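Read in order, the letters of the sequence shown correspond to residues 374 to 744 in our numbering.
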Amino acid sequence: MVETIVLRVDRENPDEPVVKRAASIIKSGGLVAFPTETVYGLGADAFNPAAVERVFKVKERPPDNPLIVHIARFEDLYDVVADIDWRVEELAKRFWPGPLTLVVKKNPSLPKITVAGLETAAVRMPRHKVALRLIEMAETPIAAPSANKSGRPSPTLAEHVLRDLEGEVDLVLDAGPTDIGVESTVLDLASEKPVILRPGGVTLEELENVLGDVEVHPAAIGLLLQGETAPRSPGMKYRHYAPRARLVVVEGALKDVRRGIQGLADLLRSRGFRVGVLGSDSYAYRADALRDLGPRSNPAQAAKLLFRCLREMDDEGVEIILAEGWQEEGLGLALMNRLRKASGGVMLDARRLIRELKSSPSRIYTEIMGT
Ligand code: AMP
Ligand code: MG
């Protein structure tokens, strides 16, 4: 156990002495949780294997899941990767600093543990002033996965970091809620055709504008990869972003989704479960807890609120969360990816749900509860 220091820092004008203290912790091999525009990161000197090892340990992260390396200036890229082609330059020009992570052949000097033994490295330049200043002052690229225990929803508030990691990190920089609320887009440029390995803050549509054709890996949509032994992105194979509650996503036309969710909520509550609903557009569900992700026309706002709502429902003792599905456009792709992964693949078609609630509710119950 260590004593975790928490320091508030202004997001627009990061207080120099505070950031300097954080930077000196990074320099001496310590761990600092810090805000980025996506989620809070758990940072360590990317070139210090012992510090990076501590990140894996504290997060309980599987050792084959590599970390994203964060840089503050384009020139830093040369330390982290080999092979900087026109695509990297164009994308960096257009989206950095910002929520886009590029996977490129690694620089041999980057420690193996940071990239989990792969030949590639994932790198990005975050847009948050606190993050940028911290990296600059630490004078080294910072390896930083999300600052949560592995598998839990990512932290969008400093309190979330403390919940998961108090007593295990040296310092938490608290700059209030993060802007985007879901993680960066991970784009694989290691082969000829660019492939999105994880949808995130930069959308598919935006990337296509720069690159032309961009593929979306099936696992990035959130479809489970059955039988695939070597996923392109190690992070793909793990259940992720999950609240303690069981999560069920209902997809289909909105009117059916709402009817289906209400019917299912009634069924589960009648069997004694505490049921939460993750809805939209101020729609009034009858449930034990209700969170509203905002207007359906604004998936970016929904993405921003998602992780926080999942954690809040956990805190309220919700046992089953029923979530409306979203259209997979813009930030909606990242949002649905997180919902699908958090559900562990429990996705229901609304029309079928409505039919089965009438004809064989116990079958639906078994499908969801597994018993
Ligand atoms: P997190 O640190 O929690 O934001 O997760 C980082 C994501 O980037 C994980 O899904 C990793 O599997 C993925 N990632 C990191 N490095 C690489 C790499 N070299 N190749 C492919 N995916 C990577
Ligand atoms: Mg993560």
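Think of the CB as a built atom: it goes at the ideal place given N, C-alpha and C, for glycine as much as any other residue. Just so it is clear, the structure is predicted and the values come from calculations on it, not from any experiment.
- prompt: The beta strand (DSSP E) spanning GLY652 covers which residue range?
  reply: Taking the sequence shown and counting its residues from 1, the one referred to as residue 652 is at position 279. Element bounds for GLY652: 648-652.
- request: Return yes when the Cβ of THR529 is within less than 8 Å of the Cβ of GLY554, no when it is not.
  value: Here the question's residue 554 lines up with position 181 in the sequence shown. Here the question's residue 529 lines up with position 156 in the sequence shown. Taking 8 Å as the Cβ cut-off, GLY554 and THR529 qualify as a contacting pair.
query: Cβ-heavy atom distance between GLU740 and the ligand MG below 7 Å?
result: The count along the sequence shown starts at 1 and reaches residue 740 at position 367. Not under cutoff, so the answer is no.
- prompt: What are the start and end residues of the beta strand (DSSP E) that includes ILE569?
  reply: Mapped onto the sequence shown, residue 569 falls at position 196. Run containing ILE569: 568-571, per the beta strand (DSSP E) assignment.
query: Does the pairing of the region 534-543 with the region 454-471 give three or more beta-carbon distances under 8 Å?
result: no
- request: Measure the C-alpha to C-alpha separation of GLU433 and ILE634 and round it to an integer number of angstroms.
  value: Taking the first residue of the sequence shown as 1, we reach residue 433 at position 60. Taking the first residue of the sequence shown as 1, we reach residue 634 at position 261. Each residue's alpha carbon lies about 34 Å from the other.
- request: Could you tell me if the beta carbon of SER557 falls within a distance shorter than 7 Å of some heavy atom in the ligand MG?
  value: Counted from its first residue, the sequence shown places residue 557 at position 184. Every heavy atom of the ligand MG is 7 Å or more from the Cβ of SER557, so no.
message: Quick check on this structure: which residue in TRP459, ALA504, LYS393 has the alpha carbon closest to the alpha carbon of GLU385?
response: Residue 385 sits at position 12 when you count from the first residue of the sequence shown. Of the candidates TRP459, ALA504, LYS393, the one whose C-alpha sits nearest the C-alpha of GLU385 is ALA504.
task: Look at the alpha carbon of PHE680 and the alpha carbon of VAL623, and state the distance between them as a whole number of angstroms.
output: In the sequence shown, counting from the first residue as 1, residue 680 sits at position 307. In the sequence shown, counting from the first residue as 1, residue 623 sits at position 250. Approximately 18 Å between the Cα atoms of the pair.
message: ALA548 and VAL476 - do their beta-carbons sit closer together than 8 Å?
response: Indexing the sequence shown from 1 puts residue 476 at position 103. Indexing the sequence shown from 1 puts residue 548 at position 175. Cβ atoms of VAL476 and ALA548: not closer than 8 Å.
query: From GLN599 to VAL391, what distance separates their C-alpha atoms?
result: The residue given as residue 599 occupies position 226 in the sequence shown. The residue given as residue 391 occupies position 18 in the sequence shown. Note that GLN599 scores a pLDDT of 46, beneath 50, so its modelled location is shaky; the value from the coordinates is reported in the next line. Approximately 47 Å, taken between the alpha carbons.
query: What does the shell around the ligand MG hold, if a residue joins when its beta-carbon is under 6 Å from any heavy atom?
result: PRO518, SER519, SER527
message: Am I right that SER557 and THR474 are in contact with their C-beta atoms under 8 Å? What's the rounded C-beta distance?
response: Here residue 557 corresponds to residue number 184 of the sequence shown, with the count starting at 1. Here residue 474 corresponds to residue number 101 of the sequence shown, with the count starting at 1. That pair is a contact at about 5 Å.
- prompt: By DSSP, does MET745 sit in helix, in strand, or in coil?
  reply: Coverage of the chain is limited to positions 374 through 744, which leaves residue 745 absent and any answer about it impossible.
field: Residue burial classification, TYR614 (beta-carbon count within 10 angstroms, cutoff 16)
entry: Working through the sequence shown from its first residue, we reach residue 614 at position 241. Buried, since its Cβ has 16 or more Cβ neighbours within 10 Å.
Through-space distance from SER733 to GLU426, alpha-carbon basis: Residue mapping note: residue 426 aligns to position 53 of the sequence shown, counting from 1. Residue mapping note: residue 733 aligns to position 360 of the sequence shown, counting from 1. So the two alpha carbons sit approximately 50 Å from each other.
- prompt: So what's PRO408 in DSSP terms, helix, strand or just coil?
  reply: In the sequence shown, counting from the first residue as 1, residue 408 sits at position 35. It is a strand residue.
- prompt: By DSSP, does GLY416 sit in helix, in strand, or in coil?
  reply: To locate residue 416, count along the sequence shown from 1; it is residue 43. Residue state, collapsed to three classes: strand.
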